[in-house]
Structures are given as C-alpha cells and as structure tokens.
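Line by line, the protein sequences are chains A and B.
Going by our numbering, the first residue of the first sequence is number 41, and it counts up by one from there.
Going by our numbering, the first residue of the second sequence is number 41, and it counts up by one from there.
The beta carbon of each residue, even a glycine, is placed where N, CA and C say it ideally should be.
See structure below.
There are 2 protein chains.
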Amino acid sequence: MAVRGRPRGFDAEAALDRAVEVFWRQGYEGASLTDLTEAMGINRTSMYAAFGNKEELFHRAVARYAEADMAYAREALAQPTAYAVIESFLRANADALTRPDRPSGCLSVQGGLAEGGDSGRIARFLADSRLAGEHALAQRLTRAVEEGDLPAGTDPHALARYVMVVSEGNAVHAAAGAARTALHATVDIALQAVPRPHARTGA
Amino acid sequence: MAVRGRPRGFDAEAALDRAVEVFWRQGYEGASLTDLTEAMGINRTSMYAAFGNKEELFHRAVARYAEADMAYAREALAQPTAYAVIESFLRANADALTRPDRPSGCLSVQGGLAEGGDSGRIARFLADSRLAGEHALAQRLTRAVEEGDLPAGTDPHALARYVMVVSEGNAVHAAAGAARTALHATVDIALQAVPRPHARTGA
DNA sequence: CCTTTTCCGTACCGTTCGGTACTTAAGTCG
DNA sequence: CGACTTAAGTACCGAACGGTACGGAAAAGG
C-alpha cells in the first residue's frame with residue numbers, strides 16, 4: 041500500500057480533538073502553537089507536517105467540531121414537524137453549550153468574532169459556517185410551510201434566523217458561565233414565538 | 041492650583057473614542073498597541089501616561105462605550121410598560137448594531153468571548169458588564185410584574201435573560217455583516233414571546 | 001545488509017507583542 | 001531669567017508569536 045518511510049507516531053484524529061478543545065476554550069487568536077501542540081501531545085513540526093499551518097488546523101478543527109459536537113443539529117432537522125425541529129435543536133443546543141466534559145459555549149462563536157490580527161478571515165470563515173447551518177434550517181422550514189406545518193405567510197428564512205439568534209445568544213451566555221437550566225428557561229420563552237399550524241398565527 | 045508642567049497636547053476623550061472603535065472592530069486581543077495609538081493619533085508613551093496600560097485603556101473604552109453607545113438602553117428602561125421597554129430596547133439595539141458610521145456589532149460581545157492570552161479576565165470583565173445590563177432589565181421587569189404590567193407568574197429574570205439573548209444573538213449576526221432589516225425581522229419574531237397583560241396592548 | 005522515505009526533536013528564524021528608559025520640548029512659578 | 005514639572009518622541013527591552021532548517025531516528029524496499 042506504498043506506506044514507505046517511518047509511520048506517523050500519533051493518532052491525527054485524536055490530536056485534532058485536543059486542538060478543538062483548545063480553540064474552543066481560547067479562541068483562534070488566543071490559542072498559541074505552544075498551547076495547541078502541548079495539548080495535542082505532539083511536536084511543533086509534526087503539527088505542521090500533518091495539518092499545514094495554524095489556520096488549516098483551525099479549519100480542520102471546525103470541521104471536526106461540526107461533525108462531532110453538532111451532530112444534534114442534523115438530528116433536529118430530521119424531526120417530523122417544524123416545531124419539533126426547532127425545539128429539538130434549541131434543547132440539544134442548550135445541552136451542548138453546557139456539557140460538563142467540554143468547554144462552555146460554541147466554538148463557532150467564541151472561535152473569533154472580531155477581525156483580529158488577520159483581516160477578519162477567521163471571523164468570516166466562522167460566520168459562513170454558522171450561515172450554512174442557518175440555511176439548512178431555513179430550507180427545512182420552507183418545506184414545513186409548503187406542507188402546511190407552519191402557517192401560510194410565515195417567512196422561513198426569518199424564522200430560521202430567529203432560531204439561530206437564540207442559539208447564538210445562548211452561546212454567548214454559556215461562554216460567560218450561564219447554567220444549563222438558565223439556557224433552557226430561555227428556550228422556554230423563545231419557543232413561545234414559534235408559530236404553530238392550527239393555533240394562533242404569529243406576525 | 042493650575043496645571044504645572046507641559047500641558048497635554050491631545051484631547052483624551054477624543055482619543056478614547058478612537059480607541060473604542062479599534063477595540064470594537066478588532067477585539068481586545070486583536071487590537072495592538074500600534075493599532076490603538078495610531079488610531080488615537082498619539083504616541084505610545086502618551087497613551088501609557090494617560091491611561092495606564094492596555095487593559096486599563098480597554099476598561100475606560102468599555103465604560104465610554106456603555107455611556108455613549110448604549111445610552112438607548114437607559115432610555116428603554118424608562119418606557120412606561122414592560123412591553124414598551126423590551127421593544128424599545130431591542131429596536132434601538134438592532135439599530136445600534138448596524139450603524140453605518142460605527143463598527144458592526146457590539147463591543148461588549150466581540151471585545152472578547154474566549155479566554156485568550158490572559159486567563160479569561162477580559163472575557164469575564166465583559167460578561168460582568170453585560171450581566172449588569174441584564175440585572176437592570178430584570179429589576180425593571182420585576183417592577184412590571186408587581187404593577188400587573190406583566191402577567192402574574194412571569195419570571196422577570198428569565199424574561200430579562202431572554203431579551204439579552206436576543207440582543208446578543210443579534211450582535212453575533214451583526215458582527216457577521218447582517219443587515220439592519222434582518223435584525224428587525226428577528227425582533228418582530230422575538231417580541232411574539234413577550235407576555236402581555238390580559239387586555240390588548242402594544243402598537 | 002544498505003538505501004530510501006518519512007517522521008520527530010532541537011534549535012533557531014524574523015517579527016511583533018506589551019511595556020519602558022531616557023532625552024527633549026513646552027508649559028508654570030519664584 | 002532660571003528652576004521646576006510634566007508631556008512627547010525615540011529607541012529599545014525581554015518575551016512570545018507563527019513558522020522552519022536541519023540532523024538524527026525509525027520504518028519499508030531492495
């Protein structure tokens with residue numbers, strides 16, 4: 041299988057998982073190469089050989105995060121009704137933001153919001169990745185409107201944006217140390233604004 | 041008892057205003073002393089003489105920001121009804137987050153969410169400053185419950201937290217370049233969750 | 001065995017970071 | 001006018017930053 045040369049002495053995926061945690065806790069700028077490689081348990085040069093550079097490592101880390109730590113989002117989209125999609129997403133999100141075994145908050149929010157040392161490339165990359173989720177939700181809600189699962193006249197894009205705003209606002213609170221129960225109390229209120237098919241209409 | 045020695049050659053408040061913009065756009069970590077002093081139009085040593093160090097300058101900048109750029113929050117608290125307080129706050133907030141003559145978003149959010157190079161002192165400081173606003177709102181809403189302006193049984197702290205979550209979520213969206221109209225559309229939906237006294241109210 | 005290929009560790013690169021002596025300029029006071 | 005006091009400017013500090021050159025170590029192929 042043409043594996044010539046000395047084989048790699050570490051598990052790249054495991055190392056990436058450690059990098060995710062460091063970026064998550066400290067943000068892109070705040071995570072130094074020393075912080076990262078120490079947590080990954082590998083040498084500086086090994087990291088460069090395996091991942092390219094800090095920015096590429098971050099991209100890989102975000103991809104891994106989206107795949108592993110945001111799996112609940114895809115599960116939520118598979119719920120049968122729009123309301124169930126939204127409730128499932130916000131509930132699982134509140135839990136994910138406050139897992140005791142992981143950093144508080146959301147990597148794609150606290151990874152970097154401001155433009156920082158780079159010219160905003162990191163912030164823009166994260167914004168795009170958040171927007172992808174918003175679009176997926178909007179698409180699901182569009183279907184819900186077509187199916188009569190949301191009242192006619194409901195703007196699915198606006199509703200998706202609202203759900204993401206609640207999710208990201210909760211992420212800010214979680215990063216500040218808010219308790220899981222507090223996030224769920226917010227979700228309780230936020231769900232009141234979600235229009236339902238047969239009950240009262242919204243805006 | 042007048043000024044001895046050479047008088048200061050710049051307006052400290054004006055320089056602070058420039059510093060606010062740099063921190064706002066680039067965050068605490070992303071704003072270097074060079075970025076700051078160039079924007080402020082003063083020398084490095086002048087900045088240290090006038091403000092102490094970078095962290096103290098940031099504290100002063102956040103205080104100035106709270107006083108100048110968040111004046112709308114105090115005005116909102118003075119509205120006669122709880123609903124008017126919340127709507128006024130969220131509307132003015134959406135406008136403030138997207139002022140064309142200022143950086144997008146909110147200094148107290150994008151100033152620093154992650155723990156970064158310091159051990160989270162900046163993030164904690166900003167979280168505390170946001171929490172102060174949340175408490176002020178909770179206090180106002182507590183009064184509203186007592187006055188019957190919100191339904192009995194309404195949890196004013198939870199509602200205040202919800203409002204702040206919407207505000208901070210909108211700040212995240214604004215930092216990512218969301219349009220003002222989009223933020224207001226989110227506010228439209230968010231307001232649906234605000235409980236009203238049993239008779240009809242609102243605009 | 002020896003060569004080839006790749007990985008790992010050290011030691012270092014140039015740059016930028018926040019912060020500071022030290023000198024010079026610009027005022028007031030006696 | 002000095003004498004004193006304070007600001008402004010230059011030039012620099014040690015440390016940390018992201019990134020790399022290089023030599024030795026470990027595996028596969030012949």
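Given this structure, state the Cα-to-Cα distance separating residue i from residue j, to the nearest angstrom.
i        : j        : result
THR138/B : GLY45/A  : 56 angstroms
PHE98/B  : ALA225/A : 33 angstroms
GLY70/A  : GLY157/B : 5 angstroms
LEU117/A : VAL149/B : 29 angstroms
GLY209/B : ALA218/B : 11 angstroms
ALA101/B : LEU56/B  : 6 angstroms
ARG236/B : ASP141/B : 35 angstroms
ALA222/A : MET204/B : 12 angstroms
LEU171/B : PRO143/B : 22 angstroms
ARG131/A : VAL227/A : 7 angstroms
ARG48/B  : ARG114/B : 33 angstroms
LEU231/B : GLU96/B  : 38 angstroms
GLY188/A : VAL234/A : 14 angstroms
GLU127/B : ALA134/B : 11 angstroms
MET41/B  : ALA89/B  : Per-residue confidence for MET41/B stands at a pLDDT of 43, beneath the threshold of 50, marking its modelled position as unreliable; the derived number appears in the next sentence. Taking the straight line joining both Cα atoms gives about 21 angstroms.
ALA10/A  : HIS238/B : Limits of chain A in this structure are 41 at one end and 243 at the other, which puts residue 10/A out of reach.
THR74/A  : ASN93/A  : 13 angstroms
LEU190/B : THR194/A : 27 angstroms
ALA215/A : GLY145/A : 4 angstroms
ILE82/B  : VAL43/B  : 20 angstroms
VAL185/B : TYR123/B : 11 angstroms
LEU76/B  : LEU199/B : 38 angstroms
MET110/B : VAL206/A : 21 angstroms
Consider the Cβ of residue i: report whether some Cβ of chain A lies at a distance smaller than 9 angstroms.
i        : result
GLY49/B  : no
ASP141/B : no
ALA211/B : yes
TYR202/B : yes
GLY173/B : no
ALA230/B : yes
GLN150/B : yes
THR138/B : no
GLU155/B : yes
ASP195/B : yes
THR85/B  : no
ALA225/B : yes
ALA118/B : no
ARG164/B : yes
Can you check which of these residues, the options, is closest to residue i by C-alpha distance?
i        : options                                   : result
PHE91/B  : ALA52/B, ALA215/B and ASP195/B            : ALA52/B
TYR105/A : LEU190/A, SER72/A and VAL62/A             : VAL62/A
SER72/A  : PRO143/A, GLY151/A, THR121/A and ASP109/A : GLY151/A
VAL125/A : HIS213/A, ALA215/A and THR182/A           : THR182/A
ARG180/B : ALA192/B, HIS197/B, GLY193/B and PHE165/B : HIS197/B
SER159/B : GLY67/A, PHE50/A and ALA54/A              : GLY67/A
VAL262/B : THR85/B, GLU107/B and ARG84/B             : The requested residue 262/B does not occur in the structure, where chain B is confined to residues 41 to 243.
ARG164/B : MET87/A, ARG84/A, VAL185/A and HIS213/A   : HIS213/A
LEU177/B : SER169/B, ARG201/B and ASP109/B           : ARG201/B
ALA136/A : TYR112/A, THR121/A and GLY173/A           : TYR112/A
MET87/B  : ARG58/B, ILE162/B and GLN119/B            : ARG58/B
What three-state label does DSSP hand residue i in the structure shown?
i        : result
ARG164/A : helix
GLN232/A : coil
THR194/A : coil
ASP51/B  : coil
ARG46/B  : coil
ASP189/A : coil
ASN210/B : helix
GLY81/A  : coil
HIS224/B : helix
ALA172/A : helix
SER86/B  : helix
GLY217/B : coil
ALA59/B  : helix
ALA200/B : helix
ALA178/A : helix
ALA71/B  : coil
Between residue i and chain B, is any beta-carbon pair separated by less than 9 angstroms?
i        : result
ALA216/A : yes
GLU69/A  : yes
PRO237/A : no
SER207/A : yes
GLY145/A : yes
LEU199/A : yes
ALA79/A  : no
ARG65/A  : yes
SER128/A : no
ARG170/A : yes
ALA296/A : This structure does not reach residue 296/A, given that chain A is present from 41 up to 243, and the question cannot be answered.
Handout entry: Continuous alpha helix (DSSP H) assignments of at least 4 residues falling wholly in the stretch 90–169 of chain A
Key = 94–108, 111–117, 122–137 and 147–150
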